[in-house]
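2 protein chains.
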Amino acid sequence: MSTSVVRAVRILELLAHAEKPLPLSRVCAELEIPKSTAHNILASLVGEGFVEVSESATYSIGLKAFEVGAAHLRATGTVGVVAPELARLTRSLNITSHWAILEGTDAVYLCKEDPPVRGIQLASAIGARLPAVITAVGKSCLAWLDADEVERHVAIATGVDRSKALADVHRELDRVRAAGYSTDDGEAALGIQCVAAPVFDMSGPRGAIGVSYLRDSGASFDTITTQVREAAARATSLLGGRNPR
Amino acid sequence: MSTSVVRAVRILELLAHAEKPLPLSRVCAELEIPKSTAHNILASLVGEGFVEVSESATYSIGLKAFEVGAAHLRATGTVGVVAPELARLTRSLNITSHWAILEGTDAVYLCKEDPPVRGIQLASAIGARLPAVITAVGKSCLAWLDADEVERHVAIATGVDRSKALADVHRELDRVRAAGYSTDDGEAALGIQCVAAPVFDMSGPRGAIGVSYLRDSGASFDTITTQVREAAARATSLLGGRNPR
DNA sequence: AGACGATGTTCACATATACGAACGACTCTC
DNA sequence: GAGAGTCGTTCGTATATGTGAACATCGTCT
Numbered sequence: 278m279s280t281s282v283v284r285a286v287r288i289l290e291l292l293a294h295a296e297k298p299l300p301l302s303r304v305c306a307e308l309e310i311p312k313s314t315a316h317n318i319l320a321s322l323v324g325e326g327f328v329e330v331s332e333s334a335t336y337s338i339g340l341k342a343f344e345v346g347a348a349h350l351r352a353t354g355t356v357g358v359v360a361p362e363l364a365r366l367t368r369s370l371n372i373t374s375h376w377a378i379l380e381g382t383d384a385v386y387l388c389k390e391d392p393p394v395r396g397i398q399l400a401s402a403i404g405a406r407l408p409a410v411i412t413a414v415g416k417s418c419l420a421w422l423d424a425d426e427v428e429r430h431v432a433i434a435t436g437v438d439r440s441k442a443l444a445d446v447h448r449e450l451d452r453v454r455a456a457g458y459s460t461d462d463g464e465a466a467l468g469i470q471c472v473a474a475p476v477f478d479m480s481g482p483r484g485a486i487g488v489s490y491l492r493d494s495g496a497s498f499d500t501i502t503t504q505v506r507e508a509a510a511r512a513t514s515l516l517g518g519r520n521p522r
Numbered sequence: 278m279s280t281s282v283v284r285a286v287r288i289l290e291l292l293a294h295a296e297k298p299l300p301l302s303r304v305c306a307e308l309e310i311p312k313s314t315a316h317n318i319l320a321s322l323v324g325e326g327f328v329e330v331s332e333s334a335t336y337s338i339g340l341k342a343f344e345v346g347a348a349h350l351r352a353t354g355t356v357g358v359v360a361p362e363l364a365r366l367t368r369s370l371n372i373t374s375h376w377a378i379l380e381g382t383d384a385v386y387l388c389k390e391d392p393p394v395r396g397i398q399l400a401s402a403i404g405a406r407l408p409a410v411i412t413a414v415g416k417s418c419l420a421w422l423d424a425d426e427v428e429r430h431v432a433i434a435t436g437v438d439r440s441k442a443l444a445d446v447h448r449e450l451d452r453v454r455a456a457g458y459s460t461d462d463g464e465a466a467l468g469i470q471c472v473a474a475p476v477f478d479m480s481g482p483r484g485a486i487g488v489s490y491l492r493d494s495g496a497s498f499d500t501i502t503t504q505v506r507e508a509a510a511r512a513t514s515l516l517g518g519r520n521p522r
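Order-wise, the sequence lines are chains A and B. Counting from 278, one number per residue, gives the positions in the first sequence under this note's numbering. Counting from 278, one number per residue, gives the positions in the second sequence under this note's numbering.
Here it is, written out as structure tokens:
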């Protein structure tokens with residue numbers, strides 16, 4: 278398999294997850310690529326606009342990469358029906374709402390709607406990737422998977438202490454299925470609570486809609502869960518899906 | 278320069294701009310790449326999650342590409358101050374607002390806020406790329422460039438009939454500078470009007486904030502231009518920038 | 001049904017690419 | 001101010017990769 282292509286996308290991932298622009302040496306060190314090779318690949322990526330290079334020779338993700346990535350959302354028409362529901366939720370509750378899907382053992386955030394208050398940026402950023410088992414949206418996704426699949430997810434995610442964790446997770450996922458919503462009480466980010474409910478289309482689960490808010494955020498828990506469940510149900514219905522329970 | 282890397286990203290761009298998933302043959306035809314080579318590269322991209330392949334062997338942009346692309350927005354901290362302004366605009370006027378920057382001869386849409394009405398999806402999608410001279414956001418960007426740079430943009434964008442078009446464009450950009458906002462009356466998409474105003478940070482222009490709406494959309498033109506200009510001015514001020522005029 | 005056409009996949013060879021080393025630029029330290 | 005260390009860049013060659021042709025597979029048409 279073409280190593281240079283793999284390396285190129287690995288470089289893109291590295292630059293994406295980095296907080297700030299990275300120098301060539303860092304890229305080489307992290308990915309164990311010889312200097313000259315990394316230099317060549319980066320030159321190509323810069324030439325195509327997928328990577329931007331500052332005057333001090335540090336590299337960051339370029340505009341073309343953004344354009345290409347955005348196409349993924351457009352491709353799955355789902356966002357067109359989910360986004361308006363997020364808009365309603367955020368306007369009604371005045372808290373951040375988002376839509377995430379399950380990928381591997383992680384929840385990936387695809388869409389976000391923030392209330393128009395400047396200041397606190399909540400953890401869930403678009404394109405962010407968090408372990409599914411510690412997020413409300415992740416739990417809502419996991420709850421509708423087969424038991425053995427859940428086991429696989431948890432095994433990979435938690436590492437050693439799996440037997441106890443697995444029982445806990447199963448018990449929580451049972452609750453999620455029964456209640457129709459999942460919660461995250463500060464597991465992903467301290468002091469931030471989340472509530473999420475699953476979305477389905479005709480071919481099965483399509484991620485989950487959720488909200489994030491600070492503990493003392495006004496709206497009652499009942500109001501929040503009700504509205505989140507309603508939003509997810511509306512999206513599901515518009516997508517031609519059906520909640521199996 | 279490493280051709281395989283360049284080809285890989287060209288493939289990503291092709292898949293991104295395609296309406297639906299593309300078969301291998303189409304990719305080869307469009308980019309003039311031999312079958313086996315394209316196959317190899319695509320296999321690598323699929324393996325890394327940057328491309329998804331359906332059971333019918335058609336390729337589309339993958340989730341990893343989305344994650345990477347999203348990082349571009351996070352990197353430029355600008356979005357954190359622009360997004361709340363979009364949220365306010367859309368809530369106040371109940372129309373779509375967006376933020377775009379100039380790239381080459383095009384305006385690229387980075388951020389969008391839709392009112393919570395399902396149905397009409399306006400033309401400006403996130404990651405979309407439109408010729409700068411036919412969009413309101415593009416004009417607001419062009420208006421603050423040097424005259425010769427504008428000339429270059431227009432020359433490339435319009436092709437042959439440049440002398441007359443150039444005079445028109447310069448006259449319009451003069452109006453934009455004087456008024457502090459730009460408009461698009463159905464040039465980019467039929468029946469859709471746009472109003473935009475430029476945003477600046479300490480190092481210069483940082484794109485433009487704009488709104489899109491159908492002609493019969495309620496709010497008065499004055500209200501719209503005023504609020505768009507105020508939003509852009511607030512963003513500029515928060516970014517530590519200054520409108521040169 | 002059979003054959004044709006189009007498409008995706010595999011394989012061995014020519015070639016473009018990855019690599020190590022040497023070079024040059026820059027910064028920090030003493 | 002000199003030296004050493006770090007970093008980015010260049011260059012020539014061994015090697016991994018791109019390539020075309022052959023093979024396999026599916027769908028379509030007569």
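Cβ atoms here follow ideal geometry from the backbone N, Cα and C, with glycine treated the same way.
Taking C-beta pairs closer than 7 Å, name the residues in chain B that residue i reaches, listed in chain order.
i                 : result
Ser281 of chain A : Ser279, Ser281, Val282
Ser337 of chain A : Ala352
Arg303 of chain A : Residues of chain B passing the Cβ test: none, with the nearest at roughly 15 Å.
Phe498 of chain A : Simply none; closest approach about 23 Å.
Arg368 of chain A : Pro393
Ala402 of chain A : Arg351
Hey, quick one: how far does the alpha helix (DSSP H) through residue i stretch, first residue to last?
i                 : result
Lys416 of chain B : 413-419
Ala402 of chain A : Counting along the chain, Ala402 of chain A falls outside any alpha helix (DSSP H), and DSSP gives it neither H nor E.
Glu309 of chain A : Looking at the DSSP string, Glu309 of chain A is not in any alpha helix (DSSP H), and its letter there is neither H nor E.
Ser281 of chain B : 280-294
Need the endpoints of the beta strand (DSSP E) that residue i sits in, please.
i                 : result
Glu390 of chain A : 383-390
Arg506 of chain A : First-last for Arg506 of chain A: 498-515, but that is the alpha helix (DSSP H), not the beta strand (DSSP E).
Leu422 of chain B : Unbroken run through Leu422 of chain B: none, as it is neither H nor E.
Arg406 of chain B : 406-408
Just to make sure I have the definition right: I need the residues of chain A whose C-beta is within less than 8 Å of the C-beta of residue i. Which are they?
i                 : result
Pro534 of chain B : Any property of residue 534 of chain B remains undetermined from this structure, which presents chain B solely from 278 to 522.
I want to verify the contact list: residues of chain B whose CB lies under 9 Å from the CB of residue i, in sequence order.
i                 : result
Asn317 of chain A : Met278, Ser279, Val282
Quick one: list the residues of chain A neighbouring residue i, beta-carbon separation under 7 Å, in chain order.
i                 : result
Leu309 of chain B : The displayed chain sequence assigns Glu, not Leu, to residue 309 of chain B. Within 7 Å Cβ-Cβ: nothing; Glu309 of chain B doesn't reach chain A, min ~16 Å.
Arg406 of chain B : Glu344
Ser321 of chain B : Met278, Ser279, Val282, Val283
Leu340 of chain B : His349, Glu380, Val385
Leu289 of chain B : Val345
Ala223 of chain B : Within the shown structure, residues of chain B are numbered from 278 to 522, placing residue 223 of chain B beyond reach of any answer.
Phe327 of chain B : Val286
Could you give the C-beta distance for residue i and residue j, rounded to a whole number, given that I count them as a contact under 8 Å?
i                 : j                 : result
Val282 of chain A : Val282 of chain B : 6 Å
Tyr490 of chain B : Ile372 of chain B : 4 Å
Val472 of chain B : Ala405 of chain B : Not a contact, Cβ separation roughly 18 Å.
Ala512 of chain A : Val410 of chain A : About 23 Å; that fails the 8 Å criterion.
Glu344 of chain A : Ala293 of chain B : 6 Å
Val453 of chain B : Val427 of chain B : Val453 of chain B to Val427 of chain B, Cβ: 11 Å. No contact.
Leu370 of chain B : Ile469 of chain B : 14 Å between Cβ atoms; not a contact.
Met479 of chain B : Gly518 of chain B : 6 Å
Gly326 of chain B : Leu340 of chain B : 6 Å
List the residues of chain B whose Cβ lies closer than 8 Å to the Cβ of residue i, in chain order.
i                 : result
Gly324 of chain A : Met278, Val283
Val446 of chain A : None at all; the shortest Cβ gap to chain B is about 24 Å.
Identify the contact partners of residue i in chain A, using a Cβ-Cβ distance below 9 Å as the criterion.
i                 : result
Arg365 of chain B : Pro393
Leu516 of chain B : Residues of chain A passing the Cβ test: none, with the nearest at roughly 12 Å.
Val410 of chain B : The contacting residues do not exist; Val410 of chain B stays about 19 Å from chain A at best.
Taking contact to mean 3 or more Cβ pairs, one atom from each stretch, closer than 8 Å, check whether the stretch 376-387 of chain A and the stretch 480-494 of chain A are in contact. yes
Taking only runs that begin and end inside the stretch 453-491 of chain A, name each unbroken beta strand (DSSP E) of 3 or more residues, in chain order. 459-462, 469-478, 481-491
Of all the alpha helix (DSSP H) runs that stay within the bounds of the stretch 323-380 of chain B, which reach a length of 4 or more residues? Residue ranges of uninterrupted alpha helix (DSSP H) with 4 or more members, entirely inside the stretch 323-380 of chain B and ordered along the chain, are 340-352, 355-370.
Give a yes or no on contact between the stretch 287-302 of chain B and the stretch 491-503 of chain A, applying the rule of three or more CB pairs nearer than 8 Å. no
Between the stretch 304-324 of chain B and the stretch 349-358 of chain A, can you find at least three pairs of beta-carbon atoms closer than 8 Å? no
Counting beta carbon pairs with one atom in the stretch 508-517 of chain B and one in the stretch 383-395 of chain B, are three or more of them shorter than 8 Å? With contact defined as three or more Cβ pairs closer than 8 Å, the stretch 383-395 of chain B and the stretch 508-517 of chain B are not in contact.
Tell me whether the stretch 442-460 of chain B and the stretch 412-429 of chain B touch, counting them as touching only if at least three CB pairs, one residue from each stretch, are closer than 8 Å. yes
Can you find at least 3 beta carbon pairs, one from the stretch 328-335 of chain A and one from the stretch 298-312 of chain A, that sit closer than 8 Å? Because the criterion of three Cβ pairs below 8 Å is met, the stretch 328-335 of chain A and the stretch 298-312 of chain A touch.
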